[in-house]
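Q: After the structure tokens below, expect a handful of questions from me.
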Amino acid sequence: MRKKFCVTVSALFLSGMVMMGQTADYPFRNANLPTEQRIADLIGRLTIEEKVELMKHASPGVERLGVPAYNWWNEALHGVARTKEKVTVFPQAIGMAATFDAPALQKMGDIASSEGRAMFNEDLKNGKTGEIYRGLTYWTPNVNIFRDPRWGRGQETYGEDPYLTSMMGAAIVHGLEGNDPYYLKAVACAKHFAVHSGPEYNRHSFDARANAYDLWDTYLPAFRHLVTKANVHGVMCAYNRFEGKPCCGNDKLMVNILRNQWGFDGYVTSDCWGIKDFAAHHKTHDSHTSAVGDALLSGTDLECGDLYQQLVQAAERGLISERDINVSLTRLFTILFKLGMFDP
């Protein structure tokens, strides 16, 4: 097993990046063209119904264009998770943080992404795509702040110190994503954005309120560091509200801070089925259609869940435009292209 995983990054890219089902010599298949041009060509060939299906975590693909299914949901908090293969399991995040050894955490991320790449390549060889927990988009690390020991998910974090959390989080991002100037070995995701440190039992309806000092000194530094210094390519917005608005539809967090102030240009995913909470638990929206519209406009590019097909109805009602859909879809395809999934 060790020999199987001891492969170079270049070999991983060469062996694992051929997507199946190519049906024509479309420009988006031409690796010699600029990525932006290729993505625009691909998006221009899609119907609005196809577009919104590609914006759910369990993307069915588009068979007529040879775009295979892909499931965005995978985990690698302390090694590749939820897999039948014999992979390396490392100590939990809180234990790794106790070492204060960021280089060790980066090595852990590198090993995990090598093992994940090997499994992904094997799936491609066997014609298997679209299965959950088999992709290269890892919803790791958890850089929330562990302020209260009663929080049941505190072991997933790097502790109560924003500085240590920033250093450890950046290390695993570098390990997972690699150092190629263009391609990504895998994709990390900073979660849960933001002000999400328990309580767990009411996370689907809780309204987190923090003063400006606490927000910027405690809750945001790790996210800011991962975005502006570690160049993380994914962010997950949290279940809870912040200052009265659900995080995944919160312009202050998602637009003003994340996109505009920090310059984040990666993709944002909702926490799983979190957009359902807008109407069902937060009671901030009168329908799921209005909820998905606000989530999209706030920059939630991907939904972990099954509501984003209602983006079609949101467009028909004038809540969003197809251009808004294209903006998010461009971000998602940029990730997939950087993973090499459309290159020969």
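When the count follows our numbering, it moves up by one through the sequence shown with no breaks and lands on 438 for the last residue.
From the three backbone atoms N, C-alpha and C, an ideal C-beta is built for every residue, glycine too.
Is DSSP giving Glu-169 helix, strand or coil here?
A: In the structure shown, Glu-169 sits in coil (DSSP, three-state: anything other than H, G, I, E or B).
Q: When DSSP builds the beta bridges, which residues end up paired with Arg-297?
A: Answer is none; Arg-297 lacks a bridge partner.
Q: What residues match up with Glu-397 in a beta bridge as DSSP calls it?
A: Paired residues: Lys-150.
Q: Could you tell me how far apart the beta carbons of Cys-283 and Trp-233 are, in whole angstroms, since I believe they sit closer than 8 Å?
A: 5 Å between Cβ atoms; contact.
Q: With DSSP as the reference, please indicate the residues paired to Pro-340 in a beta bridge.
A: DSSP, once it has assigned bridges, lists Arg-335 as partnering Pro-340.
Q: Mind reading off the beta-carbon distance from Phe-436 to Arg-132? Whole number of angstroms is fine, and I expect it under 8 Å.
A: Their Cβ separation, rounded to whole angstroms, is 7 Å, which keeps Phe-436 and Arg-132 in contact under 8 Å.
Q: Can you tell me the Cα-Cα spacing of Trp-491 and His-376, whole angstroms?
A: The chain is shown from 95 up to 438; residue 491 falls before or after that span and cannot be answered.
Q: Do Ala-191 and Tyr-252 have their C-beta atoms closer together than 7 Å?
A: Result yes, Cβ atoms of Ala-191 and Tyr-252 sit closer than 7 Å.
Q: Are there 16 or more other CB atoms within 10 angstroms of the CB of Arg-425, so buried, or fewer, so exposed?
A: Label assigned to Arg-425: buried.
Q: Quick one: residues in its chain with C-beta nearer than 7 Å to the C-beta of Arg-417, no 5 flanking neighbours on either side, listed in chain order?
A: Excluding positions up to five away in sequence, the list is empty.
Q: With Val-281 and Thr-259 assumed to form a contact (beta carbons below 8 Å), what rounded beta-carbon distance in angstroms separates them?
A: Their Cβ separation, rounded to whole angstroms, is 20 Å, which puts Val-281 and Thr-259 out of contact at 8 Å.
Q: What is the DSSP secondary structure of His-389, reduced to helix, strand or coil?
A: The sequence shown places Ala at residue 389, not His. Reduced to three states, the DSSP call for Ala-389 is helix.
Q: Could you tell me the alpha carbon to alpha carbon distance between Met-111 and Tyr-333, rounded to whole angstroms?
A: The predicted model places Met-111 with a pLDDT of 42, which falls under 50 and marks its position as unreliable; any figure quoted below should be read in that light. Computed Cα separation, rounded: 34 Å.
Q: Looking only at its own chain, which residues have a Cβ that is under 7 Å from the Cβ of Ser-384, when we skip the five neighbours before and after it?
A: Contacts found: Leu-413.
Q: So what's Gly-263 in DSSP terms, helix, strand or just coil?
A: Helix at Gly-263.
Q: For Gly-357, which of helix, strand or coil comes out of DSSP?
A: DSSP places Gly-357 in coil when its eight states are reduced to three.
Q: Quick check: the Cα distance between Val-161 and Tyr-307, rounded to an integer number of angstroms?
A: Going by the C-alpha atoms only, they are around 46 Å apart.
Q: Do you know how far the Cα of Leu-199 is from the Cα of Ala-373?
A: In a straight line, the C-alpha of Ala-373 is about 39 Å away from that of Leu-199.
Q: Here's the rule I'm using: 16 or more other beta-carbon atoms within 10 Å means buried, otherwise exposed. How should Ser-415 be labelled?
A: Burial call: exposed.
Q: Helix, strand or coil: which one does DSSP assign to Val-329?
A: Looking at Val-329 - three-state DSSP - the assignment turns out to be strand.
Q: Can you list, in chain order, the residues of its chain with a C-beta nearer than 7 Å to that of Ala-264? Leave out the 5 residues immediately preceding and following it.
A: Hits under 7 Å: His-319, Leu-320, Lys-323, Ala-324.
Q: Would you mind reading off the limits of the beta strand (DSSP E) that contains Ala-284?
A: Where Ala-284 is concerned, the enclosing beta strand (DSSP E) stretches over 284 to 287.
Q: Measuring alpha carbon to alpha carbon, tell me which of Glu-147, Asp-135, Gly-229 ends up nearest Gly-399.
A: Closest by alpha carbon: Glu-147.
Q: Hey, quick one: how far does the alpha helix (DSSP H) through Leu-430 stretch, first residue to last?
A: Where Leu-430 is concerned, the enclosing alpha helix (DSSP H) stretches over 416 to 432.
Q: Please work out which residues of its chain come closer than 7 Å, Cβ to Cβ, to Met-261, disregarding the five sequence neighbours upstream and downstream, and give them in chain order.
A: The residues are Ala-196.
Q: Spatial neighbours of Asn-165 within its chain, please: CB distance less than 8 Å, with the 5 preceding and 5 following residues excluded, ordered by chain position.
A: Excluding positions up to five away in sequence, the list reads His-151, Ala-152, Ser-153, Gly-224, Glu-225, Ile-226, Tyr-227, Arg-228, Gly-229.
Q: How is Ala-192 classed by DSSP in three states: helix, strand or coil?
A: Three-state result, Ala-192: coil.
Q: So which of Arg-139, Leu-430, Lys-370, Asp-345 has the shortest CA-CA distance to Gly-393?
A: Among Arg-139, Leu-430, Lys-370, Asp-345, the Cα nearest to that of Gly-393 is on Asp-345.
Q: For Tyr-232, list the residues DSSP reports as bridge partners.
A: Tyr-232 is bridged to Asn-168.
Q: I'd like to check one pair, Ala-206 with Ala-163: are the Cβ atoms closer than 7 Å?
A: No.
Q: Under 7 Å between the Cβ atoms of Asp-388 and Ser-422?
A: The answer is no: Cβ separation not under 7 Å.
Q: Going by beta-carbon coordinates alone, are Val-181 and Gly-173 separated by less than 7 Å?
A: Yes; because the gap between Cβ atoms is below 7 Å, this pair is in contact.
Q: Under the three-state reduction of DSSP, which class applies to Thr-141: helix, strand or coil?
A: Here Thr-141 sits in coil by DSSP.
Q: Counting only the same chain and skipping the five closest in sequence on each side, list residues whose C-beta sits under 7 Å from that of Gly-246.
A: So the list reads Glu-294, once near-sequence residues are dropped.
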